[in-house]
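Working notes, beginning with the structure itself.
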Amino acid sequence: MRLPGETEVTVSVADRITDLAERRCCSWGAIHAGLGPDVGRYDAAMERDSERADGAAAAARPEAAYDRWATDYRDWWAPVIAPAAVGLLDRLNGLVTTDRAATLVDIGTGTGTLALAMLRRWPAVRVIGVDPARKLLEMAEAAAEQAGLRHRFTARVGEAGKLPLPDTSADGAMTSFVLQLTPSRAAAVREVFRILRPGGVFAHLTWRRDTDRWEPEDAFEDAVDALRIEPPARSSGADRSYPSPEAAAAELRRVGFRSVRAREEWIDHRFTPSSYVDLAEHWTEDDTFASLDEPMRRRLRVEVLRRVSRLPADALVWRRPLVSAVGIRPG
19 MRLPGETEVT VSVADRITDL AERRCCSWGA IHAGLGPDVG RYDAAMERDS
69 ERADGAAAAA RPEAAYDRWA TDYRDWWAPV IAPAAVGLLD RLNGLVTTDR
119 AATLVDIGTG TGTLALAMLR RWPAVRVIGV DPARKLLEMA EAAAEQAGLR
169 HRFTARVGEA GKLPLPDTSA DGAMTSFVLQ LTPSRAAAVR EVFRILRPGG
219 VFAHLTWRRD TDRWEPEDAF EDAVDALRIE PPARSSGADR SYPSPEAAAA
269 ELRRVGFRSV RAREEWIDHR FTPSSYVDLA EHWTEDDTFA SLDEPMRRRL
319 RVEVLRRVSR LPADALVWRR PLVSAVGIRP G
């Protein structure tokens, strides 16, 4: 909503997701231990963590702040991005060793969606899931146990920029929706190169930079304005998404990967009015809802639902460009 004399600032759903990741520590980098609303508090925690050099101290490190949101991530956001993440494996047909017990690494494993898909697709492989959030790793372990795959899955607490694995110890590594959240994508890619054996494959999927608006988001903001709600202040995290597939390919080549192929892909998720409001309340706009008392929360939910329900069905399809890239460590 623009008042006379003000300049309209356009914030896309892409920017919102990046900001949300910065607040919530959607797995890695500047959000590794979890940013929550206070970036300074996170930075101080990371500095303290970096001083703990030996293994015992690292094991005693405070629980990753993202653990506080692990259940909401599992219930509300992971199902939205899961199909695109699993689709990354289609790019690896013929590139993953399947005639022996190969070791694959899922960087930023979260609740284990991609790791379990690897285990199901390639029955001979073993998967190491790395994530800074212990609670998410526990969820991944539980999911592997339930699927009868626990004997081939190992969970490790660790960061994308400092993987808890020896040099040349893995046959392949995959990561989805992680690299754009690291303080240095190049540093994370170098870590992958380090842990891969010669001939090992690396594949990643991440967001492509995007500024398009999304109508349900506008409807939410209009509802907030109509109810005269003042949303909480948010940090403006840097968007480290790739601008193009060519940029992603160049980054892999600079590190040393060869036979690099990168392309644009798309994520499509169809919401209903109710499922959009659920996501807003529990994930993308949860800080706004949490700032309100219960009667106002109910009013906001009703008002958003009313406005979103007036949109055409196609307006509820969230479509966002992605970049996927694959490279081989030579040797």
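So the sequence shown is numbered by this note's numbering: it starts at 19 and just counts up by one. Beta carbons: idealized from backbone N, C-alpha and C, even for Gly. Predicted, not measured: the structure shown is a model, and the values here were computed from it.
Integer-rounded CB distance, given that residue j should sit under 8 Å from residue i
i       : j       : result
Gly-176 : Ser-202 : Contact flag wrong, Cβ pair sits at about 16 Å.
Thr-224 : Val-196 : 7 Å
Gly-349 : Phe-220 : Between Phe-220 and Gly-349 the Cβ distance is about 13 Å, and since that is not below 8 Å, they are no contact.
Leu-245 : Arg-317 : 6 Å
Val-341 : Tyr-260 : 5 Å
Phe-289 : Pro-249 : The pair is not a contact, with the Cβ atoms about 21 Å apart (cut-off 8 Å).
Thr-131 : Ala-100 : 5 Å
Ala-343 : Leu-297 : About 28 Å separates the two Cβ atoms, so there is no contact after all.
Val-145 : Ala-133 : 5 Å
Arg-347 : Phe-275 : 6 Å
Spatial distance of residue i from residue j (CA atoms)
i       : j       : result
Gly-128 : Asp-149 : 6 Å
Val-295 : Leu-323 : 6 Å
Ala-63  : Arg-86  : Note on Ala-63: pLDDT 33, under 50, position unreliable in the model; the coordinate value appears next. One C-alpha to the other measures close to 16 Å.
Ala-173 : Asp-243 : 45 Å
Arg-337 : Ala-151 : 28 Å
Gly-47  : Leu-199 : For Gly-47, the predicted model reports a pLDDT of 27, less than 50, meaning its position is unreliable and no value from the coordinates is stated.
Arg-170 : Val-143 : 7 Å
Ser-277 : His-222 : 14 Å
Thr-302 : Arg-227 : 18 Å
Ala-241 : Gly-217 : 54 Å
Met-136 : Gly-126 : 14 Å
Val-320 : Asp-230 : 26 Å
Glu-283 : Pro-339 : 6 Å
Glu-299 : Asp-236 : 15 Å
Arg-315 : Arg-212 : 49 Å
Arg-139 : Ser-253 : 40 Å
Leu-183 : Trp-232 : 41 Å
Phe-238 : Asp-304 : 12 Å
Leu-310 : Glu-156 : 32 Å
Pro-313 : Arg-279 : 52 Å
Gln-164 : Leu-106 : 23 Å
Ser-292 : Ala-308 : 18 Å
Arg-281 : Pro-141 : 28 Å
Tyr-84  : Ala-268 : 31 Å
Ala-102 : Leu-181 : 24 Å
Ala-51  : Val-98  : Since pLDDT at Ala-51 reaches only 26, below the 50 mark, its modelled position is unreliable, and the value read off the structure follows with that caveat. Answer to the nearest angstrom: the Cα atoms are 23 Å apart.
C-beta atoms of residue i and residue j nearer than 8 Å
i       : j       : result
Ala-350 : Gly-166 : Residue 350 is absent from the structure shown; the chain starts at 19 and stops at 349.
Val-335 : Asp-286 : yes
Val-104 : Ala-188 : no
Ile-247 : Thr-306 : yes
Ala-333 : Val-273 : no
Ala-88  : Lys-153 : yes
Distance cut-off 7 Å: residue i Cβ against heavy atoms of the ligand ZN
i       : result
Thr-129 : No copy of the ligand ZN appears in this structure; indeed no ligand is present at all.
Any chain C beta carbon closer than 8 Å to residue i
i      : result
Trp-87 : Looking at the structure shown, chain C is missing, and only one protein chain is on hand.
For this session: Flag this pair as touching only if the stretch 113 to 124 and the stretch 86 to 97 have three or more C-beta atom pairs under 8 Å; answer yes or no.
Result: Flag = no, the stretch 113 to 124 and the stretch 86 to 97 do not touch.
Exercise. Which whole runs of the alpha helix (DSSP H) in the stretch 268 to 308 are 4 residues long or more, in chain order?
Worked result: Within the stretch 268 to 308, the complete alpha helix (DSSP H) runs of at least 4 residues are 291 to 297 and 304 to 308.
Problem set entry | the stretch 99 to 115 / the stretch 191 to 211 touching (three or more Cβ pairs under 8 Å) | Segments in contact, yes.
Exercise. Any contact of the stretch 248 to 267 with the stretch 328 to 335, i.e. 3+ C-beta pairs under 8 Å?
Worked result: As far as the Cβ criterion goes, the stretch 248 to 267 does not touch the stretch 328 to 335, which means the pair count is below three.
Problem set entry | alpha helix (DSSP H) runs contained entirely in the stretch 135 to 186, provided each spans 4 or more residues | Runs found: 152 to 164.
Exercise. Which full runs of the beta strand (DSSP E) of 3+ residues lie inside the stretch 190 to 225, going along the chain?
Worked result: Within the stretch 190 to 225, the complete beta strand (DSSP E) runs of at least 3 residues are 214 to 225.
Exercise. Taking only runs of the alpha helix (DSSP H) that begin and end inside the stretch 222 to 268, which ones reach a length of at least 4 residues, in chain order?
Worked result: Qualifying alpha helix (DSSP H) stretches, in chain order: 233 to 244.
For this session: At 3 residues or longer, and completely inside the stretch 102 to 129: list those beta strand (DSSP E) runs for me, N to C.
Result: Every beta strand (DSSP E) stretch that sits fully inside the stretch 102 to 129 and reaches 3 residues is listed by chain position as 121 to 125.
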